[in-house]
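Asks:
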Amino acid sequence: MHKIELRLCGVTPFRRQSSLFFHSSVPFRYASLSEIEFCHLRSETLFLTLLSERRESMNNVTLVGRLTRDPEERRTLSNYYLTTFTLAVQRPFQSEQEADFIRCVAWGKTASHIVRYCTKGMLVAIRGRIETYTYQDESDERRFMTQVVAEQVRFLSRRPVTTDPFESDDSDKKATSDDSLMIVRGKQMEHIP
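For the sequence shown, the working numbering begins at 5 and goes up steadily by one.
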């Protein structure tokens, strides 16, 4: 069965010095990851060869964590909306749980939706990319900053309901009736179970 699947996508196994390699009749620059997944190839060697032959880089990040503070919406000088927030992402360390605090930024309608629906402590899933940049601080030193640019956001918990009667009852800030809401490039998507 494995040989049939391998031959269907033009990949044939061969042995070289006691380790298994894969040879493709399709040049790697034309192969796509979906073809590799279709063939059920889990060879790290093939994957690394594919990436090196295609000369592509991958910059994808998926994080699930809780907001450490309420996000605030701002505008740039070019009149673009943005919001920055910090996500606390758990990671196991020996027998304890520790957290990484990761700076995230969102732009445009995605930023507006995050400000509208998210509060401190909410559980969210973010898919995006890592971005690095430099800036000059007050003492004229060059600083490096790394952050995650959120391109897709999924709300995994509801906004907490407040019982404070003096808090403004803004209808835009109410929780959605759905447990999870997904924002893809600034557009609300329907709940996908």
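Note that beta-carbon positions come from the ideal geometry of N, C-alpha and C, so glycine has one too.
Can you grab the Cα-Cα spacing for the pair TRP111 / SER82, in whole Å?
Replies: Spanning the two alpha carbons is a distance of roughly 12 angstroms.
Asks: Short of 8 angstroms in beta carbon distance, which residues of its chain neighbour ASP141, apart from the five on each side in sequence? Order them along the chain.
Replies: So the qualifying residues of the chain are ARG147.
Asks: Excluding the five sequence neighbours on either side, which residues of its own chain have a C-beta within less than 8 angstroms of the C-beta of THR90, listed in chain order?
Replies: Within the same chain, THR90 has close Cβ partners LEU71, THR72, ARG73, PHE105, ILE106, ARG107 and CYS108.
Asks: May I ask which residues mark the beginning and end of the beta strand (DSSP E) holding GLY112?
Replies: Where GLY112 is concerned, there is no enclosing beta strand (DSSP E), although the alpha helix (DSSP H) it sits in stretches over 112-121.
Asks: Output the boundary residues of the beta strand (DSSP E) element that contains TYR84.
Replies: Per DSSP, TYR84 belongs to no beta strand (DSSP E) and is neither H nor E.
Asks: Rounded to a whole number of angstroms, what is the C-alpha to C-alpha distance between GLU155 and ILE134?
Replies: Looking at the two C-alpha atoms, the distance is approximately 11 angstroms.
Asks: From the DSSP secondary-structure annotation, give me the bridge partner or partners of MET62.
Replies: The partner list for MET62 (beta bridge, DSSP) is empty, contrary to what the question assumes.
Asks: Would you decide whether PRO96 is buried or exposed? Buried here means 16 or more other CB atoms lie within 10 Å of its CB.
Replies: Looking at its Cβ environment, which holds fewer than 16 other Cβ atoms inside 10 Å, PRO96 is exposed.
Asks: For THR87, count the other beta carbons within 10 Å of its own beta carbon; 16 or more makes it buried, fewer makes it exposed. Which is it?
Replies: The residue in question, THR87, is buried, as its Cβ has 16 or more Cβ neighbours within 10 Å.
Asks: Since I believe MET126 is in contact with TYR137 (beta carbons under 8 angstroms), could you give me their beta-carbon distance rounded to a whole number of angstroms?
Replies: Incorrect: roughly 27 angstroms between the Cβ atoms, too far for contact.
Asks: Among PRO75, GLY69 and ASN63, which has the Cα closest to the Cα of LEU158?
Replies: Reading the sequence as shown, one finds Arg at residue 158 and not Leu. Measuring from the Cα of ARG158, the nearest candidate turns out to be GLY69.
Asks: When the distance is taken between beta carbons, is VAL119 closer than 8 angstroms to GLY132?
Replies: No, Cβ-Cβ distance for GLY132 and VAL119 is not below 8 angstroms.
Asks: So GLU77 and TYR85 are supposed to be a Cβ contact under 8 angstroms. How far apart are they, rounded?
Replies: The Cβ separation is near 6 angstroms, so the contact holds.
Asks: Name the two residues that bound the continuous beta strand (DSSP E) containing LEU127.
Replies: First-last of the beta strand (DSSP E) with LEU127: 127-140.
Asks: Tell me whether PRO75 sits in a helix, a strand or coil according to DSSP, three-state version.
Replies: PRO75: coil per DSSP, three-state reduction.
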